[in-house]
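Right, one structure below, let's go through it.
In the numbering used here, the protein residues as written are 10 to 126.
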């Protein structure tokens, strides 16, 4: 996490250095148009050995079009927003917010496993 006044592409390299340090097996990263540009690309190459793929909206599209790979992120955010604690409450401490962020998918998996027979 980084401060709200820090642009995503600027804080992204710091975040990704931590993320890929924990999950070194990841080789590909998908991003939106906010992460394109030479500054982010060069910083990413210095920190990581990962391929960045920008998912862009087609210029020919005149109505809503589901973008490839982007729906995965949007679906996950939708699942997390079903948890009232994540959608409505704001925690004072980052560790508490992270704990609830980890509990949300666990809750989802337990519910799904409970329905499976």
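The beta-carbon is built from N, C-alpha and C at its ideal position, and this holds for glycine as well.
Provide the residue span of the beta strand (DSSP E) that contains residue i, from first to last.
i: residue 40; result: 37–40
i: residue 61; result: 60–63
Can you name the start and end residues of the alpha helix (DSSP H) that residue i belongs to?
i: residue 105; result: 103–124
i: residue 50; result: 47–56
i: residue 22; result: 17–31
i: residue 96; result: 93–96
i: residue 83; result: 79–90
If contacts are defined as beta-carbon pairs under 8 angstroms, then residue i and residue j qualify, I think. What distance do you get, rounded to the angstrom?
i: residue 82; j: residue 56; result: Not quite, the Cβ-Cβ distance comes to about 21 angstroms (not below 8 angstroms), so this is no contact.
i: residue 129; j: residue 49; result: Nothing can be reported for residue 129: it is not among the residues displayed for the chain, which extend from 10 to 126.
i: residue 70; j: residue 95; result: 31 angstroms between Cβ atoms; not a contact.
Check your understanding: At a cut of 8 angstroms, does the region 29–37 reach the region 65–77 through at least three beta carbon pairs?
Key -> no
Check your understanding: At a cut of 8 angstroms, does the region 35–45 reach the region 58–73 through at least three beta carbon pairs?
Key -> yes
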